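Reviewing the structure listed below.
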Amino acid sequence: MALSALLKELKNDGSFMANVSDWTVIPSKKGEYVPIPQNMDVSLQEALKGRGIERLYSHQGQCWETAQRGEDFVVVTPTASGKTLCYNLPVLNTLLQNPASRALYLFPTKALSQDQQASLNDLLLEENLGVPVYTFDGDTPSSIRMAARQGGRIIITNPDMLHSGVLPNHTKWIEFFRNLEYIVLDELHTYTGVFGSHMANLMRRLLRVCRFYGSSPRIIAASATIGNPAELAQTLVGRPVQLINGNGAPSGEKHLVLYNPPLVDAIQGIRRSVVLEARRLALRLLKSKVKTIVFTQSRIHAELVSGYINESLTNVYNENHRIRVEAYRGGYLPQERRAVEKGLRDGSIHGVVSTNALELGIDIGGLDAAVLAGIPSSVASAWQRAGRAGRSGDVSLALLVGSANPTDQYLVRHPDYFLSRSPESAYLDPQNLYILADHLKCAAFELPFEEGEDFGGDPQDLLAYLEEQGVLRQSGGRWYWADRSYPSERVSLRRGGDDNVVIVDETGGRNIVIGEMDAHSAREMLHDEAIYLHRGEQFQVKRLDLANHHAYVESSTVNYYTDALVKSDIKVLEVDWSHHVGGVQEHLGDLLVRSQVAKYKKIRFGTHENVGFGDIHLPEEEMHTRGAFLAFIPQQASGLAWAEVAEEMKAPVLSRVASLLRRVAPVFLRCQRGDLGVLGRIEDPHHQCSGIYVYDNIPGGIGLAEGLGGRLQELVQAAHELLSSCGCEKGCPSCTGAADERDVLAGNPKVATAAFLGQWLRPDSLRQEEMDGIHPAEAGSI
Amino acid sequence: MSTLSQRLKRLRDSGKAPQSKTRPTDSTQQDIHNENPSLESSPPKGSAVPQGTGPSSPRVSASRLRRFAPSVSKEKKKTDGQRPPGEGWREIAPCVWERSLEYHHVWRSPHSLRFLLPSDCSEMNLRFYDLETTGLSGGAGNIAFLIGLGWWTPQGLQVIQLFLADYPGEPQLLERYQELVDGEDAIQVSFNGKSFDSHVLQARFLLNRMVPFSRRELDLLHPSRRLWKEVLPRTDLQTLEREVLGVHRKDDLPGSEAPEAWFTWLKGEDGPLEEVFRHNAQDIVSLALLLTHLQEWGCFMPSDDGLEPQGMAPSSFGMARQWQMVDEQWMRSWLEWGWKRGERRCGQELGFFLKRQGQRQEAQQIWKEILATGLNFVAAVELAKDYEHRERNIPRAIEALEGLEMLPLSPSHRQALRYRQARLLGKLEKE
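The listed protein sequences derive, respectively, from chains F and P. Sequential numbering from 58 applies to the first sequence in the numbering used here. Sequential numbering from -13 applies to the second sequence in the numbering used here.
So this is what it looks like as structure tokens:
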């Protein structure tokens, strides 16, 4: 076969092998099978046979058994291991045997719901099993909504719709909730951090409404490989969940190659660009008839790489080697995305260049090779992307191409580190007071609270608090919603709104919508005069109208693309309180985090040289949030330690302490890394000293930074331990972040950082805290 | 959850703590619940004053608390189902009050209901109703705190108002409502009830574990919209009252302020609850007046010498649409009347009606009359069809379509036109 031959060729290719830092072969694995269970409904058995399935993988069989025992479970499955049957079989079986029963499928995004409906219909309609499946989301026309509510046996939706559309109107779903037998939560690993905390509360509300209607649905969850799937599932649904974690699917021999682009300027340490290198490698694969997916780290790169590949293929095309390569990313119209997915499944598309949009569970069939143009910082993502290559039993290749970014450079040079790193764990906090209070309001709107009723604990105090605030009323032993508003409307489960900018192509008066993009990205990619690349076509933005959510573009043929430069800064609006804690002076208050795209670079296609700048006139993007400044003042342990750091090492040490906090704080504050902003300041203009900002990266704040002070000492301790116990020499992605090979430092930054933290934590320095009467452990419960 | 209660204790303490700092508490504070939480109070620049608070400093500042909930209420007196303001109320169950109002000057119409309802419906079974609710956007947390009901009696219009003085009385309120709208034959008459009030009631019954009943419903919004949407800028009840019924309300409380009035009263404070009662009763009276007015129009045969009912006259087209399902002869009369007065849509509709009836010749006449007033896509195409299929006169059919491409047409119309023209030309060549 094509790939095996190519692999042999590559191994003998000296110029290729010179850049390979590691070539690991993961041997093939035979599938483990069990027969189709005899207790399965006959029509379902027939449907399986109709699709050529004569037996199940062992983990699918395990899921079946667990479901038959009536237990909740979470199944952990890598890509292409028959995940959907793990939940579809038990669910459909119940639905076939009990004609009244219903099931709810929750997917984190709309795109995934549609994919799922397609695959369910595939299994159902062909066999005419008569189980109506409806997708119910923001795109569902109102004419279909009624039919879905009344006749839908399986409803596929997303958390946002459940939150603001279904639960507040549960009386319209009476038949559905009364007969709900199963709740399926797919892509469970996405429910972490603040989003996960919302999700856990949403599940409380969902199960509460089910209780009202007398149903007690079972829960089936599916997750990609993460550090703590069972714990995550349990926290999300608030009860014990069985873990099923063995994969019975066969896998072919897998070649994992770490590749570092060659140096073009050894003195300055400049390497060939990851975009150009990815194109070269992908071309080599495609021309050898290897079906390939390229993952890029940004949308612009996805367009660039696919454009370059198609350009290079033009000659091949003329020689009738017809190779079709498409780009795929967020921002395309749904039907465009569907078309690419379908083309990949049926083999009419040979290569795809994608952002992380194809990392999630969208079904695109199997590909032979995955080229990662840049290595994702999350291990789980890296493996998920690599896992896209590999059809059952066949040889596959995952080629990880390092970019110039220090983390990538570290990873390609330390293959052992990369291969042995275990996937990240997911954290969330269902008891986050802000989130809990928001969902209690929504829950009270849905059904009055009885005295003594449970909501992930006893909510009486919080209910009383909400009554004081005038939104609830206690009367006759119940708490009633007593406000005219519709609470879920004001509670967003996700960061940032969903105000998308619609992209309109005005070329020759066409006025056609070609895509859409979230407002945040639009500022960077659709500002006036930006070159916008869309499925290999080039457009210039004529006008970005943020107020009306439109960007008007026209077809263009310039020889450059644009890259916006983002500046951000923090302004202190107000300090509510300050105190000594953990060896710093902590100032907690309201912050304004501003980011502005003020300039863009013009970069020539092909050579990637910078050919000019332009100005962007957009208002600053502002986020009003809560945050803490941890000031290293001279009277405190941190300040004393800071004074001992050599002047020229201050900047590198500070940025490393910030990286460490970014890494450990989510564990203590039970959130995701992206939920927090961490920024070191050598000389903060407001507080006039060195220190670190830690803020909630959520508009309005969500109580994360507020909980920081109480746990600061533990946190710094953990950072110090992490650093000291790390086996690396000068810092690596697991601790302070890797050093940039282009930087020249006066000393070893890891040693200097460890010394600073060690000094900060010295017992005699910290004794001061206890005299101030704030005991870290006691203060730590928020 | 002990940690939660500790945290809450801190929260609450902090809520009571005097705010020592200069936070810009502007006027947006009291209606902050109408704002996106993230937008709340952005202080002017330079207000940042680092300030330590005492050692018992709360972990969540008072300013944060506003995010949790909108308005901060003061110590409130619980009403415990106290007597509502106004005359005539009696408590029929704990927290449920009822009063009866009689309107002897509002009389039912002697005219038939057939314009609006099937012939088996009796006037005595009509139940006018209107709810005042705690929210305006629906959902399970939206409850009806006032139900106004009305029906005809030999003396005129009888109105009953049912008032919920506190949440626990809801089951009894609903029971009483069900009692008053008894009988399989009852017909609920509302304005916009099909999309709102009936759904609220349905949800309330379900939430109280009571069997929701379904009655026939006549929603006057729909016939009213049909009749007057072309002649009035809006067809809400207030506009109809003013322009059609000649009713002018004095000092009326907008319905949108009703929820606040109830919540205020519930907290034991003075509020405009009495105005809500008045507003609701007036709504019922207006419903009754609107129905009788529609009945009058329903018996009016258009003619030059007839005496039209008072108030803004409906469009002939609207009248025809309303008659369409009931009586085609009446519909035809209105279309003819409208066309005679130059309503082109009536002409078109009349043409199609005649065509359906097989009166092709008469239909052709109408198409020609329409075209005499100017270029018209529908009439020209119909005429071309008639020439092509009935008279088998292809050249005339082609001629009928001439000049149509100059009109601003929708893409699908334009395509259909090109297709028809090409087909006719092809047919002509064959001949």
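Don't be surprised by glycine CBs; every beta carbon is placed ideally from N, CA and C. All of these numbers come straight from a predicted model, not from anything done at the bench.
For residue 152 of chain P, the residues of chain F that pass the 7 Å Cβ criterion are 532, in the order they occur in the chain. Rounded to the nearest whole angstrom, the C-alpha separation of residue 330 of chain P and residue 98 of chain P is 30 Å.
One thing to note: residue 343 of chain F has its Cβ no nearer than 8 Å to the Cβ of residue 283 of chain F. Using a CB distance below 7 Å, no part of the segment 790 to 811 of chain F faces chain P. The beta carbon of residue 381 of chain P sits no closer than 8 Å to any beta carbon of chain F. If only complete runs of 4 or more residues are kept, the segment 542 to 593 of chain F shows the alpha helix (DSSP H) at 576 to 582, in order along the chain.
For residue 680 of chain F, the three-state secondary structure derived from DSSP is strand. For residue 619 of chain F, the pairing in a beta bridge is given by DSSP as F:659. Residue-level contact check: residue 504 of chain F touches chain P, since one or more beta carbons of chain P fall below 8 Å from its beta carbon. Ranked by how close their Cα comes to the Cα of residue 117 of chain P, the residues P:357, P:109, P:181 and P:138 have P:181 in first place. Annotated three-state conformation of residue 624 of chain F is strand, per DSSP.
Contacts with chain P at 8 Å (Cβ-Cβ) include residue 226 of chain F.
Contiguous beta strand (DSSP E) elements confined to the segment 748 to 822 of chain F occur at 748 to 753, taking only those with 3 or more residues. Chain order gives no chain F residues near residue 247 of chain P, where near means a beta carbon separation below 7 Å; the closest approach is about 10 Å. Linking residue 295 of chain P to residue 352 of chain P through their CA atoms gives a straight-line distance of about 29 Å. Here residue 567 of chain F is exposed: its Cβ has fewer than 16 other Cβ atoms, across all protein chains shown, within 10 Å. Contact between residue 316 of chain F and residue 77 of chain F is confirmed by a C-beta separation of about 6 Å, below the 8 Å threshold. For residue 188 of chain P, the chain F residues whose Cβ falls inside 9 Å of its Cβ are 228 and 229, in order along the chain.
Annotation: the continuous alpha helix (DSSP H) that includes residue 491 of chain F extends over 490 to 503. In this structure, the CA atom of residue 304 of chain P is about 19 Å from the CA atom of residue 228 of chain P. Along the length of the segment 389 to 449 of chain F, whole beta strand (DSSP E) runs at least 3 residues long occupy 408 to 411 and 426 to 430, reported in chain order. When the alpha-carbon of residue 298 of chain P is set against those of P:256, P:218, P:354 and P:103, the nearest one is in P:218. Of the residues P:276, P:263, P:268 and P:207, the one whose Cα lies closest to the Cα of residue 230 of chain P is P:276. In the DSSP assignment, residue 644 of chain F forms a beta bridge with F:635 and F:686.
Cβ proximity to chain F below 7 Å picks out nothing from the segment 162 to 176 of chain P. When C-beta atoms of the segment 207 to 218 of chain P are compared with those of the segment 135 to 154 of chain P, fewer than three pairs fall below 8 Å, so the two segments do not count as touching. Between residue 233 of chain P and residue 272 of chain P, the C-beta gap is smaller than 8 Å, which places the two residues in contact. Listed along the chain, the chain P residues whose CB falls inside 8 Å of the CB of residue 204 of chain F amount to none; the nearest CB is some 17 Å away. Separation of the CB atoms of residue 266 of chain P and residue 112 of chain P is rounded to 18 Å, and the pair is thereby denied contact status at 8 Å.
Residues of the segment 264 to 297 of chain P with a C-beta atom less than 9 Å from some C-beta of chain F do not occur.
Between residue 426 of chain F and residue 453 of chain F a beta carbon distance of about 7 Å is seen, short of the 8 Å cut, so the two are scored as contacting. Counting the other Cβ atoms within 10 Å of the Cβ of residue 517 of chain F gives 16 or more, which makes it buried. In this structure, the straight-line span from the alpha carbon of residue 63 of chain F to that of residue 345 of chain F is close to 7 Å. Counting along the chain, residue 354 of chain P sits inside the alpha helix (DSSP H) bounded by residues 346 to 358. Taking 8 Å as the cut-off, the beta carbon of residue 634 of chain F is found no closer than this to the beta carbon of residue 813 of chain F. According to the DSSP secondary-structure assignment, residue 311 of chain F is paired through a beta bridge with F:83 and F:453.
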